[in-house]
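Residue numbers (this note's numbering), protein chains in the order written: chain F, 1 to 268; chain E, 269 to 436.
Step one of this worksheet: look at the structure below.
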């Protein structure tokens, strides 16, 4: 056995030495090139098969990770985009506020953000109050008019503490304003919210001529609310011969659900 | 004595296995890429065939490795043949029965000897020759992975390929 192994070892040393020599004098190069010529196609085919299998594995495991990563990135982009829209919207709102104040020579006002909706304490979903992040420290007091970015009257300050103020919306049934109508008679009355959806204008006499489309605006009879603030537009008139007053309904032209920034007009 | 067809058959089998290892298994990724088919084939040849046949198969594998390898020519042939002699020595003197434990031991020593000898030769050449690729830190970790998978396959083969029968 050992002799056989010795013989094999000697053969190996001889062949191995010969191969080293042949390689050193580049005589093995034809074998190399013919090897590659012979098996290239086979190797390329194998490699492609292997790559495809590897790709399939990636499809299953890594691709899922990749998709999850992309979804996270997309969410971040959406958050950024939402922030951008928010900033853009805020800029437009502020611009509208400033334009309105410049146009109407209102120099004393406070801008505020709506921080929450207070409908629990009123025990009614139709009588929503808004809470803003400005209070008595900013000069706000009860009774002041609250406007949206377009200058439309949205409500009135009803309660104040040092940092926050509560606003009743003009559609609330307990939120009243002294208003006038833009008819020939210059009718005056008292606005009152109607189920949180529209405004009823009370105390308009039967003989006064009110038309649908007339504008309802603040009359200035309240000490802390200036004259001429837009309240709404007349949408319905009902007259009854037995009543003293006619029923005038107006529509406030703003969306109650999308109020997020307001201004409070301070008393000059 | 070897006849021509037998040599050709072993040569083609060797080339096929090496190509499968190089072009398919190494790049397939995942679990399968850890399997060293060539080493398993040599261990299989050592266990199933007589030493002389195993020697020529090993030498053929080493030669084809050297043809394809970027290391100095002969380094794989030398490593594999030295490994074969060392394992054969252990097999004759220590692991004489044909049990599963013997085959595990043969596999362990085959993988370890091959990697150690190859590492030693590459390091030795690296001392004198410039531009030889250095063995990375993962060299022996790869050897351990080789060993792990080869032990699994040897175990499976023991029951399916009648390893416990005498050598051909």
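We treat Cβ as the ideally placed atom computed from N, Cα and C, and that holds for glycine.
Residue 350/E versus residue 278/E: straight-line alpha-carbon distance, rounded = 20 Å
With respect to the alpha helix (DSSP H) encompassing residue 200/F, which residues constitute its N-terminal and C-terminal limits?
-> Here residue 200/F belongs to no alpha helix (DSSP H); instead the beta strand (DSSP E) covers 198-205.
Beta-carbon neighbours of residue 346/E, restricted to chain F and to distances below 8 Å | 16
Can the beta-carbon of residue 157/F be found closer than 8 Å to that of residue 165/F?
-> Against a cut-off of 8 Å, the Cβ pair of residue 165/F and residue 157/F comes out as a contact.
Beta-bridge partners of residue 168/F, as assigned by DSSP | 129/F, 156/F
Note the first and the last residue of the continuous alpha helix (DSSP H) segment covering residue 147/F.
-> From DSSP, residue 147/F is part of no alpha helix (DSSP H) but of the beta strand (DSSP E) over 145-147.
Cβ pair residue 134/F, residue 264/F closer than 8 Å | yes
Would DSSP call residue 462/E helix, strand or coil?
-> Outside the displayed range of chain E (269 to 436) lies residue 462/E, so it cannot be described from this structure.
Extent of the continuous beta strand (DSSP E) run through residue 217/F = 215-218
Do we get a CB-CB distance below 8 Å when we pair residue 41/F with the residues of chain E?
-> no
Mind checking whether residue 348/E and residue 326/E have CB atoms under 8 Å apart?
-> Yes. Within cutoff.
How would you label residue 125/F, buried or exposed, when you count the other beta carbons within 10 angstroms and need 16 or more for buried?
-> With a pLDDT of 47 at residue 125/F, under the threshold of 50, the modelled position of that residue is not reliable, and no figure is offered here.
Quick one: what's got a C-beta closer than 6 Å to residue 421/E's C-beta in the same chain, skipping five residues either side?
-> 308
From the DSSP output, read off the bridge partner residues of residue 261/F.
-> 113/F, per the DSSP bridge assignment.
Which residue's Cα is closest to the Cα of residue 418/E: 318/E, 343/E, 378/E?
-> 378/E
DSSP state of residue 235/F, grouped into three classes?
-> strand
By DSSP, does residue 299/F sit in helix, in strand, or in coil?
-> One cannot answer for residue 299/F here, as it falls past the ends of chain F, which runs 1 to 268.
Compare the C-alpha of residue 182/F against each of 107/F, 147/F, 114/F, 204/F and name the closest.
-> 204/F
To which residues of the same chain is residue 328/E closer than 7 Å at the C-beta, ignoring the five residues directly before and after it?
-> 278, 279, 282
Where does the unbroken beta strand (DSSP E) through residue 61/F begin, and where does it stop?
-> From DSSP, residue 61/F is part of no beta strand (DSSP E); its letter is neither H nor E.
Nearest-angstrom Cβ-Cβ length linking residue 346/E and residue 16/F, presumed shorter than 8 Å = 7 Å
Should residue 324/E be labelled buried (16 or more other beta-carbon atoms within 10 Å of its own) or exposed?
-> Within 10 angstroms of the beta-carbon of residue 324/E lie 16 or more other beta-carbons, which makes it buried.
Flag residue 31/F as yes if its beta-carbon sits less than 8 Å from any beta-carbon of chain E, otherwise no.
-> yes
Would a check of beta-carbon distances place residue 64/F closer than 8 Å to chain E?
-> no
Whose CA, out of 115/F, 242/F, 211/F, lies closest to the CA of residue 233/F?
-> 211/F
Given a threshold of 16 other Cβ atoms within 10 Å of its Cβ, counted over all protein chains shown, does residue 186/F qualify as buried or as exposed?
-> Burial state of residue 186/F is exposed, judged by a 10 Å Cβ sphere holding fewer than 16 other Cβ atoms.
Measuring CA to CA, which of 202/F, 235/F, 104/F, 167/F is closest to residue 227/F?
-> 104/F
Indicate the three-state DSSP secondary structure (helix, strand or coil) for residue 208/F in the structure shown.
-> Secondary structure at residue 208/F: coil, using DSSP grouped into helix, strand and coil.
Are the C-beta of residue 35/F and some C-beta of chain E separated by less than 8 Å?
-> With respect to chain E, the C-beta atom of residue 35/F has a partner C-beta closer than 8 Å.
Taking the Cβ atom as the reference point for each residue, do residue 170/F and residue 252/F lie within a distance shorter than 8 Å?
-> Closer than 8 Å, so yes.
8 Å Cβ cutoff, residue 81/F in contact with chain E | no
Going by CA-CA distance only, name the one from 141/F, 229/F, 87/F that's closest to residue 215/F.
-> With distances taken between Cα atoms, residue 215/F lies closest to 229/F.
Using 10 angstroms around the beta-carbon of residue 334/E, count the other beta-carbons present and answer buried if the total reaches 16, otherwise exposed.
-> By the 10 Å Cβ count, residue 334/E comes out buried.
Are at least three pairs of beta-carbons, each pair with one atom in the region 43-52 of chain F and one in the region 283-293 of chain E, less than 8 Å apart?
-> Between the region 43-52 of chain F and the region 283-293 of chain E there are three or more inter-stretch CB-CB distances shorter than 8 Å, so the stretches are counted as touching.
Less than 8 Å separating the beta-carbons of residue 219/F and residue 178/F?
-> yes
Just mark residue 276/E as buried or exposed, buried being the case when its beta carbon has 16 or more other beta carbons within 10 Å.
-> Exposed: under 16 other Cβ atoms inside 10 Å.
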